[in-house]
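Residue numbers (this note's numbering), protein chains in the order written: chain H, 1 to 198; chain S, 1001 to 1198.
There are 2 protein chains.
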Amino acid sequence: MTDSDPSARDAEYLAKLQDYYASWKSIPSYASLCDVFGIASKSWVKAILDRLVKAGFIERTPDGMMIPTRDFFARPLAESSVQAGMPVAVNETQGDYFVIDEMLIDKPSTTTLIPVKGDSMIDAGIHEGDVAVVEKRNVANIGDIVVAIVDNEFTLKTLDKERGQYILRPANQAYPVIRPQGSLEIFGVLVGLIRKYK
Amino acid sequence: MTDSDPSARDAEYLAKLQDYYASWKSIPSYASLCDVFGIASKSWVKAILDRLVKAGFIERTPDGMMIPTRDFFARPLAESSVQAGMPVAVNETQGDYFVIDEMLIDKPSTTTLIPVKGDSMIDAGIHEGDVAVVEKRNVANIGDIVVAIVDNEFTLKTLDKERGQYILRPANQAYPVIRPQGSLEIFGVLVGLIRKYK
DNA sequence: TTGACAGCAGAACGCCCGTTCTTTAGGATG
DNA sequence: CATCCTAAAGAACGGGCGTTCTGCTGTCAA
């Protein structure tokens, strides 16, 4: 069973699919792909797509829909010039939005952005003006950086435990450790950080 | 014709759709959306989607497939003025919404993402593993943090001038100032920073 | 109390979609 | 000249998909 070795022209078809996807951000139906590929039969489109799936450029969701993989976005980029000082920069990909979002945000519905005020976490590399990406939930692990509500104010600190009691530890010696009396109200957990220069 | 005012629960449905999309990067069939939304009838799913289309969160390709728009990826930015106890104000509509990519990237075609190695800029709050958002260009101002090419390697340093000569200043006393002989090759300028926790 | 409407359930339908099978044309190969 | 193999075309089909319509239930205002 020779099955399917990657056809020579699959690269060409892949290129057309990438162009289409760049425009519409979806993989169309087989019928539409006939137009995209310049082919008249759906069966051959299926054969091509099956090979692209096997080659790892596309995958299927549980619903059978086809979505691109990371390899789908990979650019050819001249490898020989790597030594010449040119970038190995990983992410030369897709010049559109939702790249960084995808990276930082797992659960969009519970994620919110909160600007950082003050320098109490500066030793953790979190500066005033940075934007904290916070996943809203009220449970966290020791060592997580959390957004807690203390005295009716947001505060960003590292969650720790001291003699069975939760405490909030700043990352700046100029600030005191916060030892809340009673229960500690956690608003969310820091999952990412964004900084804009200039 | 009552048409459709945005239903109160549409925000909730949108949130579920966003979460699904974050996982699968596609909008599933109406039947699957019944499960996602926790709804039993496809007709109601269609009604919801129609409203989301009209509200500008999703749109349709020529093939009738549904794809997210820019607004679909917008995240709420909490106002710093949330002293009033519960900052649930974030949840309700009228806050500011931001798309992270648009926030950080002005010129997509010349912007690239480069992972940070080493701790030579740690005093500037730039840690190993952070991702630098770099705008590719070969001119920069004094004080800018630049990606320069030194000895065929990328290096991230602050651009400075010393006796009429450009130098690269690290933000870590353990590292030396770089004084390039001859011209200085600048790859790009740091315009943003991304960090992912956990 | 009575509608009027929003919020959904459920059935019914026609068409398109993905799949499979069969057939064809045109190189290679020998 | 016979034979493969690749690269398609094309027909045929069953089911799922989106669409439409009709019906049900709770709520709230008049």
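Every residue, glycine too, gets a C-beta built ideally from N, C-alpha and C.
Please read these numbers as outputs of a predicted model, since none were measured by experiment.
Against chain S, a Cβ distance below 8 Å from H/ILE167 picks out nothing, because the smallest value is about 19 Å.
Below the 8 Å Cβ cutoff, chain H contributes LYS196, TYR197 and LYS198 as neighbours of S/VAL1191, in chain order. Distances from the alpha-carbon of H/ARG51 to those of H/ASP10, H/ASP35 and H/PRO62 put H/ASP10 closest. By the criterion of a C-beta distance shorter than 6 Å, S/ASP1071 is surrounded in its chain by GLY1056 and PHE1057, once the five residues flanking it on both sides are discounted. Nearest in C-alpha terms to S/ARG1137, of all of S/LYS1157, S/ILE1186, S/THR1155 and S/GLU1162, is S/ILE1186.
Interface flag for S/ASP1050 against chain H is unset, since no Cβ pair is found closer than 8 Å. Nearest neighbour of H/ILE100 by Cα position, chosen from S/ALA1074, S/ILE1142, S/MET1121 and S/VAL1139, turns out to be S/ALA1074.
Every alpha helix (DSSP H) of 4 residues or more that sits fully in the segment 89-175 of chain H is shown, in chain order, as 99-104. Around S/ALA1148, the same chain offers THR1155, LYS1157, LEU1168, LEU1184, GLU1185, ILE1186 and PHE1187 as residues with beta carbons nearer than 7 Å, after the five sequence neighbours per side are excluded.
For H/SER29, the closest of S/ALA1031, S/GLU1012, S/PRO1062 and S/TYR1013 by C-alpha to C-alpha distance is S/PRO1062. Apart from the 5 residues on each side of it in sequence, H/CYS34 sits with its Cβ closer than 8 Å to the Cβ of ALA40, SER41, LYS42 and VAL45 in its chain, given in chain order.
Under a criterion of Cβ atoms nearer than 8 Å, the residues of chain H adjacent to S/LYS1016 are, in order, SER109.
Among the residues of chain S, those whose CB is under 9 Å from the CB of H/TRP24 are THR1061, PRO1062, ASP1063, MET1065 and ILE1067, following chain order. For H/LYS117, same chain residues with a beta-carbon under 7 Å away, outside a window of 5 residues either side, are GLU128 in chain order. Setting aside the 5 residues that flank it on each side, S/VAL1189 is surrounded in the same chain by GLU1135, ALA1140, ASP1144 and VAL1146, each with a C-beta closer than 6 Å to its C-beta; the list follows chain order. The C-beta separation of H/ALA132 from H/LEU193 comes to about 6 Å, placing the pair in contact by the 8 Å criterion. For S/PRO1028, the chain H residues whose Cβ falls inside 8 Å of its Cβ are THR61, ASP63 and MET65, in order along the chain. At least one CB atom of chain H sits nearer than 8 Å to the CB of S/PRO1076. In summary, S/TYR1013 is buried, with 16 or more beta-carbon neighbours lying within 10 Å of its beta-carbon over all protein chains present. In the three-state reduction of the DSSP assignment, H/ILE48 falls in the helix class. DSSP lists H/LEU113 and S/ASP1096 as the beta-bridge partner residues of S/LEU1077. For S/GLY1125, at least one C-beta of chain H is nearer than 8 Å to its own C-beta. Under the three-state reduction of DSSP, H/VAL53 is assigned to helix. For S/PHE1187, the uninterrupted beta strand (DSSP E) segment begins and ends at 1185-1196. With a threshold of 16 other beta carbon atoms within 10 Å, H/GLY125 meets it and is buried. By alpha-carbon distance to H/MET103, the top candidate from S/ASP1130, S/ILE1122 and S/GLU1059 is S/ASP1130. Rounded to whole angstroms, the separation of the alpha carbons of S/TYR1197 and S/GLU1059 is 33 Å. Secondary structure note for H/MET66: its beta strand (DSSP E) is the uninterrupted segment 66-68. Rounded to whole angstroms, the gap between the alpha carbons of H/MET66 and H/ILE105 is 22 Å. Flagged as an interface residue toward chain H: S/ILE1100, by a C-beta distance shorter than 8 Å.
Across the structure, S/PRO1108 and S/VAL1191 are spaced so that their CA atoms are roughly 12 Å apart. Exposed is the label assigned to S/GLN1165, since fewer than 16 other Cβ atoms lie within 10 Å of its Cβ.
Within 7 Å of the CB of H/SER32, the CB atoms of chain S belong to ASP1063, in sequence order along the chain.
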